Amino acid sequence: QKEVEQDPGPLSVPEGAIVSLNCTYSNSAFQYFMWYRQYSRKGPELLMYTYSSGNKEDGRFTAQVDKSSKYISLFIRDSQPSDSATYLCAMTPYSSASKIIFGSGTRLSIRP
Amino acid sequence: GAVVSQHPSWVICKSGTSVKIECRSLDFQATTMFWYRQFPKQSLMLMATSNEGSKATYEQGVEKDKFLINHASLTLSTLTVTSAHPEDSSFYICSASSPLATNEKLFFGSGTQLSVL
Numbered sequence: 001q002k003e004v005e006q007d008p009g010p011l012s013v014p015e016g017a018i019v020s021l022n023c024t025y026s027n028s029a030f031q032y033f034m035w036y037r038q039y040s041r042k043g044p045e046l047l048m049y050t051y052s053s054g055n056k057e058d059g060r061f062t063a064q065v066d067k068s069s070k071y072i073s074l075f076i077r078d079s080q081p082s083d084s085a086t087y088l089c090a091m092t093p094y095s096s097a098s099k100i101i102f103g104s105g106t107r108l109s110i111r112p
Numbered sequence: 113g114a115v116v117s118q119h120p121s122w123v124i125c126k127s128g129t130s131v132k133i134e135c136r137s138l139d140f141q142a143t144t145m146f147w148y149r150q151f152p153k154q155s156l157m158l159m160a161t162s163n164e165g166s167k168a169t170y171e172q173g174v175e176k177d178k179f180l181i182n183h184a185s186l187t188l189s190t191l192t193v194t195s196a197h198p199e200d201s202s203f204y205i206c207s208a209s210s211p212l213a214t215n216e217k218l219f220f221g222s223g224t225q226l227s228v229l
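Chains as they are written, first to last, in our numbering: chain A, 1 to 112; chain B, 113 to 229.
Here it is, written out as structure tokens:
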């Protein structure tokens, strides 16, 4: 079993839709959770960073963490074609920059 | 924001040759750099952690003699794929952080697509 499981998609939704991306994990030591956006053949870009259960909102993006269920989500409201990318969840036990375990990524396509 | 520059972005080489990839932190001192490999439609897999002035720490299953990492200065780390073979074809990504940085301050390069013929 992988430490982090993420549905690879692809996921295609119309512009303006609400998108829900999810990851589950098995290691209860994970305390810090990230969502990255990666465009094709580019490095990942950090979108959201959380370290506690609950919700964190930043513009159209909301990150949700449920440590009891070992489940994290990223919601995108009012999705735009420019949101089309691969979204990677990531997590680590450590607060300092260190080894991060990534999910396999979900390919998202927003149709105009 | 902090920028990490990775070069080249794309390289094709013949089987048996060696390829060097550079990772530079442009506006901060990177005491730690990480090297990842990403196969198509797969996740980033950490290959090694490199600390300035010391030997890199390799993840299990990564051949240190094949993937040579040098972190000789606070702004530059290099990954050399020695005697490359087609199975080494992959997308290689570096990331860098400054001292005492949190994971929130871990910045990624734009990646290098290596194709070995």
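Virtual Cβ for every residue (Gly too), placed ideally from N, Cα, C.
Since we're looking at a predicted model, the values are computed, not measured.
Query: Cα-Cα separation, A:Glu15 to A:Gln38; Result: 19 Å
Query: 8 Å Cβ shell around B:Gln128 - same chain, five flanking residues per side excluded; Result: Sequence inspection shows Gly at residue 128 of chain B; the Gln mentioned does not correspond to that position. Taken in chain order, the residues that qualify are Ser195, Ala196 and His197.
Query: Which of helix, strand or coil DSSP assigns to B:Glu134; Result: strand
Query: Sufficient close CB pairs (3 or more, under 8 Å) joining the stretch 96–107 of chain A to the stretch 115–133 of chain B; Result: no
Query: Chain A contact for B:Phe140 (CB, 8 Å cutoff); Result: no
Query: Beta-bridge pairing of A:Gly43 - partner residues as DSSP gives them; Result: Beta-bridge pairing links A:Gly43 to no other residue.
Query: Residue-level contact to chain B via CB, A:Phe61, 8 Å cutoff; Result: no
Query: Span separating the alpha-carbon of B:Gly173 from that of B:Ser209; Result: 24 Å
Query: Completely contained beta strand (DSSP E) runs for the stretch 117–178 of chain B, where each covers 3 or more residues; Result: 122–125, 131–137, 144–150 and 156–163
Query: Cutoff 8 Å: A:Gly103 Cβ touching any chain B Cβ; Result: yes
Query: Between the CA atoms of B:Trp147 and B:Ala184 - distance to the nearest angstrom; Result: 15 Å
Query: Rounded distance between the beta-carbons of A:Met91 and A:Tyr32, thought under 8 Å; Result: 6 Å
Query: Presumed contact (8 Å Cβ cut-off) between A:Leu113 and A:Leu108, rounded CB distance; Result: Residue 113 of chain A is absent from the structure shown; chain A starts at 1 and stops at 112.
Query: Residue interval of the beta strand (DSSP E) (run including A:Gln64); Result: Phe61 to Asp66
Query: B:Ser189, DSSP secondary structure in three states; Result: strand
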